[in-house]
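These notes concern the structure reproduced below.
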Amino acid sequence: MNLEDSLGDILRKARTSTQVPPEAAAQAAGLSSDDYSAFESTGIAPAALRFEPLGKLLTLGGSRLEELVRGWRPEPVDLSRWQRFEMVTTAGDDMTVNAYLAWDPTSRAAAIFDTGFEVSEFLKSIESNQLRLGDIFITHSHPDHVAGLGELRRRFPAARLHTGSPHAPTEHRLKPGETIALGNLRVAHRLTPGHADDGVTYVITGWAGEAPPVAIVGDAVFSGSMGGARDQLTLARTKVREEIFSLPEATLICPGHGPLTTVGQEIVHNPWFP
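Here the sequence shown stands for residues 291 to 564, numbered as in my numbering.
Listed below in structure tokens is the structure:
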């Protein structure tokens with residue numbers, strides 16, 4: 291799976307969030323305005339690009355930007371280590387989005403984390419594994435993450451909904467310190483606003499074989515990037531550092547877009563967090 295953001299995407303997000311004019315970014319990069327504009331559009335870095343001055347101007351790690359150009363990608367993940375955990379990627383509106391299914395193999399208690407654009411793959415897994423879907427967790431309420439929620443709730447009316455949205459009915463809102471049991475698994479939450487006001491990261495522990503925690507982060511952070519936070523960039527970065535990067539380095543990061551990664555890899559390589 292490709293990274294969610296090209297280098298051009300990252301620079302455009304950073305430039306607009308920091309209100310840096312394109313002419314200033316071009317000057318820092320050592321490019322003409324036309325060449326810089328083409329670079330942001332295509333993501334193809336010119337050979338003469340000056341990474342460090344550009345990164346400093348845009349509050350990004352210049353050497354980490356250069357790593358992306360040279361082909362850095364997260365190490366492939368074998369999900370069988372977590373035994374009963376699946377990623378489902380659906381397509382729509384010129385994008386793909388990831389959602390997740392976790393369950394306890396003994397009790398068959400299951401939970402879905404976000405829904406993606408549609409839920410047919412989830413329904414197949416629930417049926418083939420004879421699961422009991424008891425909980426639906428929402429990382430944030432942007433349409434690509436909740437498009438299938440209506441169908442899930444129609445099919446599983448007893449499933450409990452968990453969300454950080456202040457607009458949701460009280461019984462669906464997350465409670466401070468709350469931990470949800472899925473058989474031997476435990477689901478805790480950490481508030482990670484910035485990309486979305488109701489952003490939440492869910493941390494799943496209790497896996498067999500001492501597998502590391504799993505953090506389902508929505509769009510708070512991607513492999514090599516982060517979700518857009520044009521008006522709340524400082525908040526978004528702070529929450530990622532405090533609530534996600536504080537987890538054990540082996541923690542599996544499961545983003546809403548792009549490939550799986552780990553806390554340790556993003557601490558070292560993500561240009562948004564130099």
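C-beta atoms are modelled at their ideal positions from N, C-alpha and C, and glycine is treated no differently. None of the values given here were measured: they were computed from a predicted structure.
Backbone CA spacing between His479 and Leu423 [nearest angstrom] = Each residue's Cα considered, the two are about 19 Å apart.
In the DSSP assignment, find the alpha helix (DSSP H) that holds Ile300 and state where it starts and stops.
-> Ile300: member of the alpha helix (DSSP H) spanning 297-308, first to last residue.
Could you check the C-alpha separation between Leu301 and Asn419 for me, to the nearest Å?
-> Whole-angstrom Cα-Cα distance: 43 Å.
Beta-carbon proximity check, Glu417 vs Thr380, cutoff 7 Å = Against a cut-off of 7 Å, the Cβ pair of Thr380 and Glu417 comes out as no contact.
Grab the span of the beta strand (DSSP E) containing Thr332 for me, first residue to last.
-> For Thr332, there is no enclosing beta strand (DSSP E); the residue is part of the alpha helix (DSSP H) that begins and ends at 323-332.
Can you list, in chain order, the residues of its chain whose CB lies under 7 Å from that of Gly438, leaving out five sequence neighbours each side?
-> Answer for Gly438: Thr405, Gly406, Phe407, Glu408, Val409, listed in chain order.
Could you tell me if Ser353 is buried or exposed, where buried requires 16 or more neighbouring beta carbons within 10 angstroms of its beta carbon?
-> Residue burial is scored here from C-beta neighbours: Ser353 has fewer than 16 other C-beta atoms within 10 angstroms and is therefore classed as exposed.
Measure the beta-carbon distance from Thr541 to Val558 and round it to whole angstroms, keeping in mind my assumption that it falls under 8 Å.
-> Between Val558 and Thr541 the Cβ distance is about 14 Å, and since that is not below 8 Å, they are no contact.
Where Pro250 and Pro364 are concerned, what is the direct C-alpha to C-alpha distance, given to the nearest angstrom?
-> With the chain represented from 291 up to 564, any question about residue 250 goes unanswered, as that position is not in the structure.
Helix, strand or coil: which one does DSSP assign to Phe375?
-> Strand at Phe375.
Taking DSSP as the reference, what is the three-state secondary structure of Pro343?
-> If DSSP states are grouped into helix, strand and coil, Pro343 belongs with the helices.
Segments assigned beta strand (DSSP E), at least 3 residues, entirely inside the region 358-418 | DSSP runs (the beta strand (DSSP E)) wholly in the region 358-418: 375-382, 385-393, 399-403.
Within 10 angstroms of its Cβ, does Pro433 collect 16 or more other Cβ (buried), or is it exposed?
-> Result: exposed.
Using the Cα positions of Glu565 and Gln373, report the straight-line distance between them to the nearest angstrom.
-> The requested residue 565 does not occur in the structure, where the chain is confined to residues 291 to 564.
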